[in-house]
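This note's numbering puts the sequence shown at residues 25 to 390.
Where a beta carbon is used, it is the ideal one built from N, C-alpha and C, also for glycine.
A quick note: this is a predicted structure, and the numbers were derived from the prediction, not measured.
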Amino acid sequence: MSSRRDFLKTSAGVGVGAAVGLGSAQPLRGAPAVRKSVVVPVSVASGNGLEAVETAVRNVTQGGDTLDAVVEGVNIVERDPGDASVGFGGLPNLDGVVQLDSSVMHGPRRGAGAVACIEGIKTPSSVARDVMRYTDHVLLVGEGAQRFALSMGYQLEDLLTERSRRRWIDWRATMSDRDDYLTLEETGHAAPGSSRQEDYGLGILDSHDGVRPQGTINCNVINSDGDLSGVTTTSGLAWKVPGRVGDSPIVGAGLYVDNDVGACGSTGRGEAVIKTCGSHSVVELMRAGMSPTDACLEALRRIVTFTVEPRLRNAEGRPSFNVNYYAINKNGEYGGAAIYAGGRYAVCRDGETGHEDLAYLFERRG
Ligand code: GLY
């Protein structure tokens, strides 16, 4: 993958292109001049998205629609009970109920759709795409989102796997030493599948506050015409307050696509991304001429500036949480960055699929 990193370095600072062959879409004011008319298809995703990026690039290379390509990619992860951060098998809320969030954006059609707090549907990204395609709305939530999904033919299923349920029971038992739930040590029973090491290994789950796991998948793609789409999907913050909505289904926060400029999505602490309009900020910074990596880093600096609450800062006064951005610009240049070092993201380009290191602001979380 070193050739890809070289590509990143040489591409830094190159401006992004305006619309070429985009039908009636007009470049917005401030969109930089066209640099390239033919683009090498590329897809980027969070670290748990290797299969997703490969699927997305394969689809667009065969002439498939860019949004269908990324949704098919993340559907693999949503259906995978082994990924505890997304869809089926996602970690539940405070009450032990899996509530899912997702958004999609279609670059050429300027389309957006999203669902939040949806229960019982394995593939919320597909439902978000249906909200975009079959309604006049952008965001459906909770029971209404589920009813819409059922009307479209989705199956109602139990999304709580035994493994995720055991982890929730494990967490519940440690909440207080004044309630009637016994800890694992007190019961003498190990919780099957409660080891978190395998999830943390690839950065699939990040730690929100040192206790609660959090994960998501974002996947973006560009085809050879320079058309872009993106999707973000998640089970959100583990053990969250029922009804909590993160950044993933919020257009402009967990995902943003402007077909004149680029696409960006996020994983990590959603509250920080929402407050800074994260993915929209990254796209606007690319519009102003920044490379994808530099734009991601600058948007992360805004999060650092916004993090003033002592409860969210470590001993060095820095955020006690992490956020990651993944971006592609109109020329097919791509990048990703995190607040803290050590993260990787998935990339598929030119027949190669693999992980690359995220750029970062700080070496250690402290
Ligand atoms: N970024 C996912 C969430 O906060 O829900």
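Spatially closest choice to residue i from the options, by CA coordinates
i, options, result
"residue 124", "388, 263 and 315", "263"
"residue 319", "327, 82, 307 and 330", "307"
"residue 126", "317, 296, 179 and 239", "239"
"residue 407", "202, 351 and 197", "Not covered by the structure: residue 407. The range shown for the chain is 25 to 390."
"residue 304", "317, 316, 294 and 288", "288"
"residue 86", "244, 249, 201 and 187", "249"
"residue 361", "70, 66, 62 and 63", "70"
"residue 352", "372, 144, 199 and 181", "372"
"residue 170", "159, 195, 161 and 143", "143"
"residue 388", "338, 359 and 358", "338"
"residue 368", "381, 95, 108 and 158", "381"
"residue 148", "173, 63 and 113", "173"
"residue 328", "316, 312, 317 and 347", "347"
"residue 259", "377, 104, 341 and 344", "104"
"residue 175", "350, 88 and 159", "159"
Distance CB(residue i)-CB(residue j) smaller than 7 Å
i, j, result
"residue 246", "residue 101", "no"
"residue 323", "residue 302", "yes"
"residue 285", "residue 310", "yes"
"residue 122", "residue 164", "no"
"residue 136", "residue 275", "yes"
"residue 84", "residue 90", "yes"
"residue 300", "residue 330", "yes"
"residue 374", "residue 64", "yes"
"residue 321", "residue 383", "yes"
"residue 316", "residue 366", "no"
"residue 93", "residue 269", "no"
"residue 108", "residue 273", "no"
"residue 111", "residue 146", "yes"
"residue 95", "residue 350", "no"
"residue 363", "residue 336", "no"
Sheet register partners of residue i (DSSP bridge)
i, result
"residue 380", "369"
"residue 97", "Beta-bridge pairing links residue 97 to no other residue."
"residue 243", "69 and 255"
"residue 329", "DSSP, once it has assigned bridges, lists no residue as partnering residue 329."
"residue 347", "292"
"residue 386", "364"
"residue 310", "DSSP lists no partner for residue 310."
"residue 130", "135 and 253"
"residue 279", "275 and 289"
"residue 165", "140"
"residue 125", "258"
"residue 337", "343"
"residue 177", "According to DSSP, which records beta bridges pairwise, residue 177 is partnered with nothing at all."
Cutoff 7 Å: residue i Cβ touching any chain C Cβ
i, result
"residue 126", "Reference to chain C is not applicable here, since this structure consists of a single protein chain."
Residue i beta carbon near the ligand ZN (any heavy atom closer than 6 Å)
i, result
"residue 344", "Summarising the ligand content, the structure contains the ligand GLY and does not contain the ligand ZN."
Notebook entry, point to check: Is the stretch 279-288 touching the stretch 151-160 in the sense that three or more CB pairs, one from each, lie closer than 8 Å?
Noted result: Flag = no, the stretch 151-160 and the stretch 279-288 do not touch.
Next item on the list: Tell me, please, whether the stretch 184-199 touches the stretch 128-144 by the rule of three or more beta-carbon pairs shorter than 8 Å.
Entry: At 8 Å Cβ cutoff, the stretches do not touch.
Notebook entry, point to check: Should the stretch 106-123 be regarded as contacting the stretch 76-83, the criterion being three or more beta carbon pairs within less than 8 Å?
Noted result: Output reads no: the stretch 76-83 does not touch the stretch 106-123.
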